[in-house]
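Numbering (my numbering), first residue to last: 198 to 1163. Glycine is no exception: its CB is placed at the ideal position from the N, C-alpha and C atoms. Data first, discussion second: the structure below is written as structure tokens.
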């Protein structure tokens, strides 16, 4: 075996000279060997951390309360092996402090080291029998130990010394006598594959296979300056920016100039401008050059013929170069692993023949395909490691990321391309082959690892207690019970995970206001951001609908290739804040998505953002479209009860008052309660209107008339879209929304307020003025489309809906205001609805006052309120902490829906002001960070399980107990 194994083999056992340093690999199993009393525990305490040492005596004490109870040895060593195994699995150096003079006890430890792919190292303490006996006699717990125990240990030690290396120890250090032991020093050596201190930047180059000319071209494309000798041969290359090339192996065989490739790469490695790991073809060539009996096949014959033209010195240099190659490298702080044939996470940074074999050849299933080639085990489909694994070995027609792994062998020698990956940029650079240099046994385009996800999501990715690393808010923990609650929703009710790449976070309200008559007031929001050092904030109209995330694809091909939508399926998705389909009717979903895609095309966003898909955050209105059940059973029922009860109560009290009877003030209190109930009814009615058929009543009409549980009430709600604009009211032979001359979108309004992501970009971090400008272009595009078709309505027609723009200082965007009190919307074909906004300077009193006035006028006209956000997302306070991404400031009348009809009574307001916002704010920040993390992973092309991990965590946090009124 070549590579790191010979370099790490032990020399023949020999005494250590006084003062000699003993080399110990930083991840290894160190076995101290010596008779009882030889000083093993003292040696271990002097040279290793207490946590690194596992003592057999201590383990006896754990299981029997007596460190000298030899009857407990079996259980004690079970504990010792278990702890050692856990440490080695975690990548920790482990020292075993036991006599280990018997070959059987050492055999178990060597097997443990091999199981975890670490080096077993023996440190022998050979101390004269007399000294061992004296030390035992001086210890109260060992004073009665028979002399023959030490004698037996010494005999067994002497018999073992010659065979330690043969048993499997990779290094053997023998220290003879107390003087050598006291003078010895331990030096920890880094593993050859551990280059975590090298952080790049790197240019990782796929299989070359003797294609020297293409390699020169690729290095030039990457910006390297090549150096040539007198014969015009490339003999070196360096990048002016200090980048390092990393070759994934298979430099030789099949191609026209394997010696030329070797000459260039060897010189680059020697000059420090490149790293190289071996491929299986180098391994075979190395054995051939050593005179081993190898089969000259798979392109080796071409290399042998080319090498015969080189001199002996060059061949010897190649042999030494191959012999010194290390199976794989761990780079960039552990975030990058480069090898030839791929490597599961459990082998990263490990050193064994098994690791080297996997790095060189990969793993096969034992089967052969129709071309007679071994079937590779799809290890990348199971990969869930933190480090990116970059490899080659198996040619693929095109390269793509799969579960944080990528194959760079794009078959240059077979007429494909030579590919490099720029790290950490994750950019691919390639050049075409100049010709087909070698006919492949298997056609290059016959399928290969890498590309689309081939493995379903794993339950273990989301269950149990989870900790998700986020870029912007550190580690976010998810409790096991919250994950279980999310699993119930996600597995039973949600859309396919591919179609739910994001879930919106919860939002905290502003600090509770002390303003008379108000629970929430914009002055608190402005003051809060001013205290956090955020000067510019964007005030956005808060639409009273249902939160919707829309995944819009330009065409069906994009939906199929990028998000796995089957043929004939809806090209995208609209989901709720819990990942459920927003609408039960897939055809209506299809129409909405088609309208959005057409608007994006007309607005030029597909081309400008260079993307075939967009992810939007929006509100879908009316509220009654999704909340029909809530309206029927909670709000309309209360309205109906108030209409039924109060007239009779007031009549009776007024009659009693006319007779001079009745409790003082009772009549006035009941009149106030009636006024509150009417205000409550008016509050929720503002956000309800029919869709599809303007002749239908609003959803709560039947319920308010006292028929909340009857068929009429149910039909009215169903017809209003409570079940996806389709329900029991379909008695006229056609679905709601499919009337003559319509496209089924009448009455439905979508108010997008943010573009979340596009191909390769997380757009959620763009400033909100830029975001709203994109949204305005979509709305303008729809208006232009409607004008071209001679349908729809002009923007000025919003006045017909009873909408009034609240403030001249506000930017309303195309189309004007929002649904409010007054006449219900007419039949219209316009889908998109603008979001009015106002920019406020929190340090300018006049600007703050204008913001307060804007909110008062907005809510006075029936609006829900506004959301106040830092103009630039990811704002931080003076201590570097992420501030709230937005706070909601809800209107006085709207809050009746939340806190009840009578919440404005002074005594109720005083009680409600004691609400606690800390948990809600913490939840909002954590969910926001997880949402951004999901978008970053989506835009970065990371595998589905990585995106879904963050999305699932948002849903899990939603099950944390928090006041739902906040």
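For residue 268, there is no enclosing alpha helix (DSSP H), as DSSP marks it with neither H nor E. Cβ neighbours of residue 946 within its own chain (closer than 6 Å, five residues either side excluded): 818 and 1030. Residue 318 has 227 and 368 as its beta-bridge partners, per DSSP.
Contact holds between the stretch 386-396 and the stretch 508-527, because three or more Cβ pairs, one in each stretch, are under 8 Å apart.
Annotation: residue 342 is outside any beta strand (DSSP E) and is labelled neither H nor E by DSSP. Around residue 410, the same chain offers 631 as residues with beta carbons nearer than 7 Å, after the five sequence neighbours per side are excluded.
The criterion of a C-beta distance shorter than 8 Å is satisfied by residue 280 and residue 251. Residue 749 is positioned such that its CB atom lies closer than 8 Å to that of residue 797. A direct Cα-to-Cα measurement between residue 322 and residue 345 gives close to 19 Å. Residue environment for residue 967: exposed (fewer than 16 other C-beta atoms within 10 angstroms of its C-beta). Residue environment analysis places residue 857 among the exposed positions, since fewer than 16 neighbouring C-beta atoms fall within 10 angstroms of its C-beta. In the three-state reduction of the DSSP assignment, residue 967 falls in the helix class, which pools H, G and I.
Per DSSP, residue 399 is one residue of the beta strand (DSSP E) stretching across 399-402. For residue 660, there is no enclosing alpha helix (DSSP H), since its DSSP letter is neither H nor E.
Closest by C-alpha distance to residue 438, out of 448, 397 and 425, is 397. Rounded to the nearest angstrom, the Cβ distance from residue 515 to residue 472 is 17 Å, too far for a contact under 8 Å. Residue 408 sits in coil when the DSSP states are folded into three classes, being neither helix nor strand. Contact check for residue 878 against residue 809 fails: the beta carbons are separated by 8 Å or more. For residue 1081, no alpha helix (DSSP H) segment is defined, and its DSSP state is neither H nor E. By the neighbour-count definition (other C-beta atoms within 10 Å, threshold 16), residue 823 is a buried residue. Comparing alpha carbon positions, the residue from 847, 807 and 1096 closest to residue 954 is 807. For residue 474, no beta strand (DSSP E) run applies, since DSSP gives it neither H nor E. Excluding five sequence positions before and after residue 660, the CB atoms of its chain that fall closer than 8 Å to its own CB belong to 677, 680, 681 and 684, given in chain order. As the crow flies, the alpha-carbon of residue 762 is around 35 Å from that of residue 1033.
Runs of the alpha helix (DSSP H) spanning 4 or more residues and lying entirely within the stretch 765-818 occur at 783-800 and 802-805, in chain order. Remark: fewer than three beta-carbon pairs, one from each stretch, lie closer than 8 Å, so the stretch 608-621 and the stretch 456-467 are not flagged as touching. For residue 822, the secondary structure class from DSSP, reduced to helix, strand or coil, is helix. Spanning the alpha carbons of residue 964 and residue 949 requires a straight line of approximately 15 Å. In the structure shown, residue 565 falls within a strand segment according to DSSP collapsed to helix, strand and coil. Taking every protein chain shown into account, the CB of residue 333 has 16 or more other CB atoms within 10 angstroms, so this residue is buried. Ranked by Cα distance from residue 559, the options 811, 477 and 293 are led by 477.
Between residue 1068 and residue 1079, the beta carbon gap of about 15 Å keeps them out of contact (Cβ cut-off 8 Å). For the pair residue 767 and residue 548, the CB atoms are not nearer than the 8 Å cut-off. The Cβ neighbour count for residue 1145, taken over all protein chains shown within 10 Å, is at least 16; the residue is labelled buried. Judged by their CB atoms, residue 843 and residue 1037 are not nearer to each other than the 8 Å cut-off. Residue 312 and residue 672 have their C-alpha atoms roughly 32 Å apart.
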